[in-house]
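Q:
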Amino acid sequence: MEARTLTINMRPDWQGALRHAAKSAFQANAYQGETLNFDSPAAFFSHLTERRWVLINALQGSGELPVRELARRVGRDVKRVHEDASVLVDLGLVERTSRGGLLCPFADIHVDMHLSHAA
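Under the working numbering, the first residue of the sequence shown is numbered 195, with each subsequent residue one higher.
1. Alpha carbon to alpha carbon, how far is Ser310 from Ser240?
2. My parser needs the beta strand (DSSP E) runs of 3 or more residues fully inside the region 237 to 307; what are they?
3. Measure the C-alpha to C-alpha separation of Ser256 and Phe300 and round it to an integer number of angstroms.
4. Looking at Val288 and Leu259, is the spacing between their C-beta atoms short of 8 Å?
5. Determine the extent of the beta strand (DSSP E) in which Asn231 is found, giving its start and end residues.
6. Mapping DSSP to helix, strand and coil, what is Leu309?
7. I need the DSSP call for Arg213, collapsed to helix, strand or coil.
8. Please classify Phe220 as buried or exposed, where buried requires at least 16 neighbouring CB atoms within 10 angstroms.
9. Find out if the Cβ-Cβ distance for the pair Val261, Val275 is shorter than 8 Å.
10. Using beta-carbon positions only, say whether Asn203 and Asp306 come within less than 8 Å of one another.
11. Where Leu242 and Asn223 are concerned, what is the direct C-alpha to C-alpha distance, given to the nearest angstrom?
12. Hey, could you find the ends of the beta strand (DSSP E) Arg205 is sitting in?
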């Protein structure tokens with residue numbers, strides 16, 4: 195099984211980004227990776243806070259972890275880790291297993307962000 199990858203983009207034209215991704219997927223013969231798009235850097239930073247990045251980092255390559263073990267590893271309160279993990283699950287960055295544990299399925303996460311002056 196090929197390692198899963200994720201690219202996070204910041205594009206206000208999410209429909210154009212979706213069309214581009216669909217076109218690329220239909221032309222490809224192999225796995226192209228997955229994409230998560232935010233319409234602005236502000237939206238990105240409001241969802242992916244520093245503490246949530248710590249959770250992703252702790253989960254990457256660790257296999258399935260129960261919420262309590264994840265909280266212990268990052269030195270945080272279980273309730274707050276559960277809340278942050280729920281946001282990450284909703285975004286698709288983390289998956290919940292059938293046993294209730296958490297898993298980051300991505301071997302590589304790339305953030306593609308360009309900041310430029312609006313015309």
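The beta-carbon is built from N, C-alpha and C at its ideal position, and this holds for glycine as well. It should be emphasised that the depicted structure is a prediction, and the values quoted were computed from it without experimental measurement.
A: Judging by the given coordinates:
1. Their Cα atoms are separated by approximately 20 Å.
2. List check, beta strand (DSSP E) in window: 300 to 306.
3. Using only the alpha carbons, I get a separation of about 11 Å.
4. Against a cut-off of 8 Å, the Cβ pair of Val288 and Leu259 comes out as no contact.
5. Start and end: 228 to 232.
6. Leu309 falls in the coil class under three-state DSSP.
7. In this structure, Arg213 counts as helix in the three-state DSSP scheme.
8. Here Phe220 is exposed: its Cβ has fewer than 16 other Cβ atoms, across all protein chains shown, within 10 Å.
9. For Val261 and Val275, yes; Cβs fall inside 8 Å.
10. Between Asn203 and Asp306, the C-beta gap is smaller than 8 Å, which places the two residues in contact.
11. If you draw a straight line from the Cα of Leu242 to the Cα of Asn223, it is about 32 Å long.
12. No beta strand (DSSP E) contains Arg205, which DSSP labels as neither H nor E.
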